Amino acid sequence: MNLTQASADLFIPDAETDARALGRTTHLGIGAHQDDLEFMALHGILQCFQRKDCWFGGITCTNGSGSPRTGPYTHFTDEAMQAVRSKEQRTAASIGDYSFIAQLGHPSQTAKHAKRRAALVEDITQILRATRPTVVYTHNPFDKHATHIGVLLATLAAIQALPDSQRPKELIGCEVWRGLDWLPDSEKLIHDVSAHPNLAAALNGVYDSQISGGKRYDLAVEGRRRANATFLDAHNSDELTQVHYALDMSQLIHGDGSLEAYIRPIVEGFQHELFSALE
């Protein structure tokens, strides 16, 4: 592969060849920033953890230069922060037993703006072509972070650039910036991520540059998972301890309608559910 950014990094924790590491991937996460995969795609990581018949691979699209920083990271330059975050992402890949992690090194502005997105789409397309995963996890269209939406749009463009035979079977939209608890239950994918809580905590805790730098994502992510599990059902005792909500976006794999056309009935369904309860 010839990725477009000079700073792009492909890391294979078990030192397998590039071709084999990419080719064995069955579950692929595509996230905007270092830490997004661990926060939003834990379902895929756990599905594949310590197995040889399926493998989780990851793509982190941006270089991580714009993160907030306080405490011990206050005086870190953008370049220094990029190096730290890249190392953290590699560490997470080793802990999570990933098949590979590709850090594409694009500035966030590349993802945010359609006119600058072509190189990002090209990189994602190359990796999809080399991996041919069954399942892709990425950001959902209701996320409020502009870079996350840009990565979703780049992912859709990359998938739709492939021949039908090379496209994934499932496309899953995951929650990060804006939870998905509001979705009508008929629209929710309920992912049980209760297993391996110590692994999940370790993956979250890798990102010291964010945690010590002023954002307690580790506590917030686990708190959301636990809240999802408890508030899932008002009438029965909890059967699960940690839950991710997600959105099945598989109908978008083959370009069946616009993203807006996909979103609209979901929002209308929520509106109907909300106002019907007030009658």
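Taken in order, the sequence shown gives residues 460 to 738; the numbers are from the working numbering.
Ideal placement from N, C-alpha and C gives every residue a C-beta, glycine not left out.
Small disclaimer: the values here were computed from a predicted structure and weren't measured.
Next item on the list: Could you check which residue in A491, A736, I471 and L711 has the C-alpha nearest to that of L630?
Entry: By 1-based counting over the sequence shown, the position of residue 630 is 171. Checked all of A491, A736, I471 and L711; the closest Cα to L630 is L711.
Next item on the list: Pull up the CB-CB distance for G406 and L487, whole angstroms please, since I reckon it's below 8 Å.
Entry: In the structure displayed, the chain extends from 460 to 738; residue 406 sits before or after that span and is not available.
Notebook entry, point to check: Counting Cβ pairs, one atom from each stretch, are 3 or more of them under 8 Å apart for the region 490 to 502 and the region 612 to 628?
Noted result: no
Checklist line | 8 Å Cβ cutoff met for Q625 and L462 | finding: Translated into the one-based positions of the sequence shown, residue 625 becomes position 166. Translated into the one-based positions of the sequence shown, residue 462 becomes position 3. Their beta carbons are not under 8 Å apart, which means Q625 does not touch L462 by this criterion.
Next item on the list: Write down every uninterrupted run of the beta strand (DSSP E) in the region 664 to 732 whose length is 3 residues or greater and which is fully enclosed by it, in chain order.
Entry: 702 to 707
Next item on the list: Could you have a look at I608 and say whether DSSP puts it in helix, strand or coil?
Entry: Counting from 1 along the sequence shown, the entry for residue 608 is found at position 149. Here I608 sits in helix by DSSP.
Item checked: Option nearest K603 by Cα separation, candidates F559, T485, W636 and D707 -> Counting from 1 along the sequence shown, the entry for residue 603 is found at position 144. Checked all of F559, T485, W636 and D707; the closest Cα to K603 is W636.
Next item on the list: Please work out which residues of its chain come closer than 6 Å, Cβ to Cβ, to E634, disregarding the five sequence neighbours upstream and downstream, and give them in chain order.
Entry: Locating residue 634 in the sequence shown gives position 175, counting from the first residue. Excluding positions up to five away in sequence, the list reads Y704.
Check: Cβ of L691 within 8 Å of Cβ of D651?
Finding: The residue given as residue 691 occupies position 232 in the sequence shown. The residue given as residue 651 occupies position 192 in the sequence shown. Not a contact, by the Cβ cut-off of 8 Å.
Checklist line | Cβ neighbours of A578 in the same chain (closer than 6 Å, five flanking residues each side left out) | finding: Locating residue 578 in the sequence shown gives position 119, where the first residue counts as 1. Here the set comprises T463.
Check: From which residue to which residue does the alpha helix (DSSP H) around G482 run?
Finding: For this step, residue 482 is matched to residue 23 along the sequence shown. In the DSSP assignment, G482 falls within the unbroken alpha helix (DSSP H) covering D477 to G482.
Item checked: Candidates L658, D477, P600 and G555: closest to S709 by CA position -> Looking up residue 709 in the sequence shown gives position 250. Comparing Cα positions, the closest option is P600.
Next item on the list: Compare the C-alpha of R549 against each of S567, L662, L706 and E681 and name the closest.
Entry: For the purposes of this step, residue 549 is identified with residue 90 of the sequence shown, where counting begins at 1. For R549, the nearest C-alpha among the options comes from L662.
Check: Are the Cβ atoms of L587 and A467 separated by less than 8 Å?
Finding: To locate residue 587, count along the sequence shown from 1; it is residue 128. To locate residue 467, count along the sequence shown from 1; it is residue 8. Result no, Cβ atoms of L587 and A467 do not sit closer than 8 Å.
Notebook entry, point to check: Which residue spans inside the region 523 to 569 form an unbroken alpha helix (DSSP H) run of at least 4?
Noted result: Segments of the alpha helix (DSSP H) lying fully in the region 523 to 569: 537 to 554.
Next item on the list: For the region 638 to 654 and the region 724 to 737, state whether three or more C-beta atom pairs, one from each stretch, are separated by less than 8 Å.
Entry: yes
Item checked: I489: first and last residue of the uninterrupted alpha helix (DSSP H) it sits in -> Numbered from its first residue, the sequence shown carries residue 489 at position 30. Note, I489: premise wrong, no alpha helix (DSSP H); beta strand (DSSP E) at H486 to G490.
Notebook entry, point to check: Which stretch, first to last residue, makes up the alpha helix (DSSP H) that contains T463?
Noted result: Within the sequence shown, numbered from 1, the residue matching residue 463 stands at position 4. T463 -> no alpha helix (DSSP H), and no H or E assigned at all.
Check: Cα separation between R479 and W514?
Finding: Translated into the one-based positions of the sequence shown, residue 479 becomes position 20. Translated into the one-based positions of the sequence shown, residue 514 becomes position 55. Their Cα atoms are separated by approximately 11 Å.
Next item on the list: Return the CA-CA distance between M460 and A617, expressed in angstroms with no decimal places.
Entry: The residue you call residue 460 lines up with position 1 of the sequence shown. The residue you call residue 617 lines up with position 158 of the sequence shown. Rounded to whole angstroms, M460 to A617 spans 15 Å at the Cα level.
Next item on the list: Assign K628 to one of three DSSP states: helix, strand, or coil.
Entry: The count along the sequence shown starts at 1 and reaches residue 628 at position 169. It is coil, neither helix nor strand.
Item checked: Sequence-distant residues of its chain with Cβ nearer than 8 Å to L621 (five each side left out) -> By 1-based counting over the sequence shown, the position of residue 621 is 162. T584, L587 and R588.
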